[in-house]
Amino acid sequence: MHHFDYLIVGSGLFGSTFAYRATRAGKKCLVIDKREQLGGNVYCENVEGINVHKYGAHIFHTSNKQVWDFVNSIVEFNRYTNSPVANYKGKLYNLPFNMNTFYQMWCVTTPAEAKAKIEEQKAEAIAVLNGREPANLEEQALTLVGKDIFEKLIKEYTEKQWGRNCKDLPAFIIKRLPVRLVFDNNYFNDKYQGIPIGGYNKLIDGLLAGIKTRTGVDFFAEYKDNWREIADKLVYTGAIDEFFGYKLGKLDWRTVSFKTRIENTPNFQGNAVVNYTSHDQPYTRIIEHKHFEMFGGDVYNVPKTVVSEEYSTEYKEDMEPYYPVNDERNNKLAEEYRKLAAQESNVIFGGRLAQYKYYDMAPIIEQVLNLKEI
Ligand code: FAD
Ligand code: UDP
Numbered sequence: 000m001h002h003f004d005y006l007i008v009g010s011g012l013f014g015s016t017f018a019y020r021a022t023r024a025g026k027k028c029l030v031i032d033k034r035e036q037l038g039g040n041v042y043c044e045n046v047e048g049i050n051v052h053k054y055g056a057h058i059f060h061t062s063n064k065q066v067w068d069f070v071n072s073i074v075e076f077n078r079y080t081n082s083p084v085a086n087y088k089g090k091l092y093n094l095p096f097n098m099n100t101f102y103q104m105w106c107v108t109t110p111a112e113a114k115a116k117i118e119e120q121k122a123e124a125i126a127v128l129n130g131r132e133p134a135n136l137e138e139q140a141l142t143l144v145g146k147d148i149f150e151k152l153i154k155e156y157t158e159k160q161w162g163r164n165c166k167d168l169p170a171f172i173i174k175r176l177p178v179r180l181v182f183d184n185n186y187f188n189d190k191y192q193g194i195p196i197g198g199y200n201k202l203i204d205g206l207l208a209g210i211k212t213r214t215g216v217d218f219f220a221e222y223k224d225n226w227r228e229i230a231d232k233l234v235y236t237g238a239i240d241e242f243f244g245y246k247l248g249k250l251d252w253r254t255v256s257f258k259t260r261i262e263n264t265p266n267f268q269g270n271a272v273v274n275y276t277s278h279d280q281p282y283t284r285i286i287e288h289k290h291f292e293m294f295g296g297d298v299y300n301v302p303k304t305v306v307s308e309e310y311s312t313e314y315k316e317d318m319e320p321y322y323p324v325n326d327e328r329n330n331k332l333a334e335e336y337r338k339l340a341a342q343e344s345n346v347i348f349g350g351r352l353a354q355y356k357y358y359d360m361a362p363i364i365e366q367v368l369n370l371k372e373i
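When the letters of the sequence shown are read in order and numbered with numbering that gives the first Met the number 0, they come out as residues 0 to 373.
Have a look at this one:
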């Protein structure tokens, strides 16, 4: 049988970027994936001429020029800027919280008026704290943006997303939401953002061009016991607890599920992302996929559209593991698995499943670009 320098388990951004670099360093790689297609969670399915983000909407954003130049050397990125809109009981508000939102909420038209209004809205909650730090998400939100925004744009959305009361959630979840006294609906603060022109599959195809791949192949079924016979080293991007046969126990995950349908109209909601911030709808948001890649009048060149309702779902066996659960039990258990991983020779554990950490796409690529030896 062929001998490889690397057997790479998982064709997501970690595995694919690794394979790209290793191949250019003269190494022979075999990339396998248990799914029927390559790309991991950035894989898109073409439906009615639209790239549908099958495993969740993905928006690439980074301030790292090296990462941005690298991905653009594989495929050019478009100018998509994420500007979600929130729908609360039929009324629309721009996100993140900025002058547009404050105008929609209170009809204030200048930054000074907005600032005064926010101060007024926060006053009660700040008085209640009486100098101590916010102890939970509700207190954090109330002291950051005040009552109206908390009640209309945060409270119920957060409860849907996390399945818990805002008083029982940690404050840090909301800390990163920007509050801006300018008219700027750009959700991210990063210098660069966009979507690959032609979709994410183009990025994956570019990374894996000329590299041997096999899909529909589970590492545990075919290679676990004999991979050393075909490759010198293993790059493993699957779940870390599964690698060790769950011998210390199972890690938990949070997941989301999607109800995707075709709508017989060229433009369903006029934006890629609309958050539904009240309990009136069971889903947290609706994604209209074409708006990631079609702008202005181009939207009307494709007669139909594809939309996905996104639901927050309790993780059960056989579901897609999406987000690590940030609690004491899981963090401790992951740490124990990481110790086991450090003892494995010739195995690199990489990516979000093997590290049990939430990473955006850009940091995943950055990690691989920064690996000293490949
Ligand atoms: P993955 O893409 O998950 O790849 C792992 C691969 O390994 C999978 O294809 C899997 O099938 C394969 N595999 C696992 N076990 C085995 C096995 N036993 N045998 C063979 N193959 C196996 N990031 C952003 O920057 N912007 C966003 O907007 C964004 N949105 C997101 C939305 C959601 C819902 C989620 C979950 C993540 C989002 N991310 C976003 C993060 C992004 O998805 C990750 O950074 C990226 O996918 C990580 O790549 P990876 O290679 O580590 O993992
Ligand atoms: N959030 C909210 N209303 C919104 C959007 C976000 O209250 O319309 C809160 C919610 O608690 C969420 C947090 O902000 O968990 C972070 O949201 P973000 O969209 O940044 O994260 P993601 O959902 O992509 O993980």
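Even for Gly, the Cβ is constructed at its ideal location relative to N, Cα and C.
By the three-class DSSP mapping on this structure, what secondary structure does residue i have?
| i | result |
| --- | --- |
| His2 | coil |
| Asp167 | helix |
| Ile373 | coil |
| Phe348 | strand |
| Glu221 | helix |
| Ile363 | helix |
| Leu91 | strand |
| Lys26 | coil |
| Asp297 | helix |
| Val107 | coil |
| Ala208 | coil |
| Asp68 | helix |
| Val74 | coil |
| Tyr336 | helix |
| Lys232 | strand |
| Thr312 | strand |
| Ala134 | coil |
| Phe267 | coil |
Here's the rule I'm using: 16 or more other beta-carbon atoms within 10 Å means buried, otherwise exposed. How should residue i be labelled?
| i | result |
| --- | --- |
| Gln139 | buried |
| Asp279 | exposed |
| Thr22 | buried |
| Ile173 | buried |
| Cys106 | exposed |
| Phe182 | exposed |
| Asn45 | exposed |
| Ala271 | buried |
| Glu123 | exposed |
| Val374 | With the chain represented from 0 up to 373, any question about residue 374 goes unanswered, as that position is not in the structure. |
| Phe242 | buried |
| Thr109 | exposed |
| Ala18 | buried |
| Arg78 | exposed |
| Ile203 | buried |
| Ala115 | exposed |
| Ile239 | buried |
| Tyr357 | exposed |
| Gly89 | exposed |
| Leu91 | exposed |
| Gly269 | exposed |
| Glu327 | exposed |
| His2 | exposed |
| Phe218 | buried |
| Gln120 | buried |
| Tyr355 | buried |
| Arg393 | An answer regarding residue 393 cannot be provided, because it is not within the stretch 0 to 373 covered by the chain. |
Across which residues does DSSP place residue i in a beta bridge pair?
| i | result |
| --- | --- |
| Asp147 | DSSP, once it has assigned bridges, lists no residue as partnering Asp147. |
| Phe59 | Gly193 |
| Thr259 | Ser307 |
| Arg253 | Tyr322 |
| Val46 | Ile49 |
| Thr214 | Asp32 |
| Asn274 | Ala85, Arg284 |
| Phe96 | Val178 |
| Val8 | Ile31, Tyr235 |
Would you mind giving the Cβ-Cβ distance between residue i and residue j, rounded to the nearest angstrom? I have them listed as a contact below 8 Å.
| i | j | result |
| --- | --- | --- |
| Pro265 | Arg179 | At roughly 32 Å, the Cβ-Cβ gap does not stay under 8 Å, so Pro265 and Arg179 are not in contact. |
| Glu47 | Lys303 | 5 Å |
| Met462 | Leu12 | It is not possible to answer for residue 462, since the shown part of the chain is limited to 0 through 373. |
| Tyr282 | Glu308 | 4 Å |
| Leu233 | Val346 | 5 Å |
| Lys33 | Val216 | 6 Å |
| Lys289 | Ile49 | 5 Å |
| Ala353 | Tyr235 | 6 Å |
| Ala170 | Leu207 | Not really, about 42 Å apart at Cβ, beyond 8 Å. |
Stretch-stretch touch, CB-based, cutoff 8 Å, three pairs: the region 325–340 with the region 301–315: Taking a contact to require three or more Cβ pairs closer than 8 Å, the region 325–340 and the region 301–315 do not qualify as touching.
Cβ contact (3+ pairs, closer than 8 Å) linking the region 54–61 and the region 193–207: Verdict: yes, contact present.
Segment contact flag, the region 20–37 with the region 211–218, C-beta cutoff 8 Å, min 3 pairs: The region 20–37 is in contact with the region 211–218.
Touching by the beta-carbon criterion (3+ pairs, under 8 Å), the region 221–234 and the region 85–93: Counting Cβ pairs under 8 Å, fewer than three are found: no touch.
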